[in-house]
Structure formats: structure tokens, C-alpha cells
Amino acid sequence: FWGVELVKDRETREMLVPFNASGDAAAPVARMAKAAMDRGLYLMIHWNVIMVCPPLVVTEDELRQGLAVLDEVLAIADEYVG
Numbered sequence: 002f003w004g005v006e007l008v009k010d011r012e013t014r015e016m017l018v019p020f021n022a023s024g025d026a027a028a029p030v031a032r033m034a035k036a037a038m039d040r041g042l043y044l045m046i047h048w049n050v051i052m053v054c055p056p057l058v059v060t061e062d063e064l065r066q067g068l069a070v071l072d073e074v075l076a077i078a079d080e081y082v083g
């Protein structure tokens with residue numbers, strides 16, 4: 002169980018998505034969640050944190066597949082970092 006915090010800038014640690022964001026402000030994580038779901042991976046996202054919580058019965062192949070999808074959709078977050 003771990004979390005991936007998405008920030009706009011590593012030094013300032015400005016959140017990618019503001020606290021309690023909705024609508025256009027939440028677009029980066031909304032797009033990521035949809036892209037992951039379209040690839041068969043459900044992401045638990047809370048504002049700017051992706052919670053990675055695989056089931057205890059996950060196989061190594063399933064874990065690798067899920068992490069590959071996560072890696073793909075993180076490219077969406079990169080589009081919002083300037």
C-alpha cells in the first residue's frame with residue numbers, strides 16, 4: 002500500500018490538483034482515472050494523491066500489468082506540469 006503524490010513543482014510541492022478541486026481544476030486526475038479505467042485499472046485518487054492498493058491475492062503478472070498502466074496514464078499528469 003502506497004501513495005503517489007502529484008505535484009506541479011518538486012521544489013515548491015504545489016499540488017497538481019488543488020484541495021477539494023472539481024470541474025476543470027480536477028481535469029488532470031479525472032483524465033488519468035478515465036484513461037486507467039479504459040485500460041482495465043481502477044485508480045483510487047484523492048485530489049493529488051493516487052493510492053496504490055493492490056489486493057492481497059494479486060499475481061506478479063497482474064501487478065506488473067497494473068503498474069504499466071499507471072506508468073502510461075501518468076503521462077497525462079505531465080501535460081499539466083509546466
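Going letter by letter, the sequence shown gives residues 2 to 83 in the numbering used here. Note that beta-carbon positions come from the ideal geometry of N, C-alpha and C, so glycine has one too.
Report yes if the CB atom of valine 82 is closer than 8 Å to the CB atom of alanine 36, and no otherwise. no
Taking the alpha helix (DSSP H) that glutamate 61 falls in, what are its first and last residues? 61 to 79
For valine 5 and arginine 14, believed in contact at Cβ under 8 Å, the rounded distance: The Cβ separation is near 14 Å, so there is no contact.
Rounded separation between phenylalanine 10 and tyrosine 43 - CA only: The residue asked about is misnamed: residue 10 is aspartate in this sequence, not phenylalanine. Rounded to the nearest angstrom, the two C-alpha atoms are 26 Å apart.
For valine 53, does the three-state DSSP call read helix, strand or coil? strand
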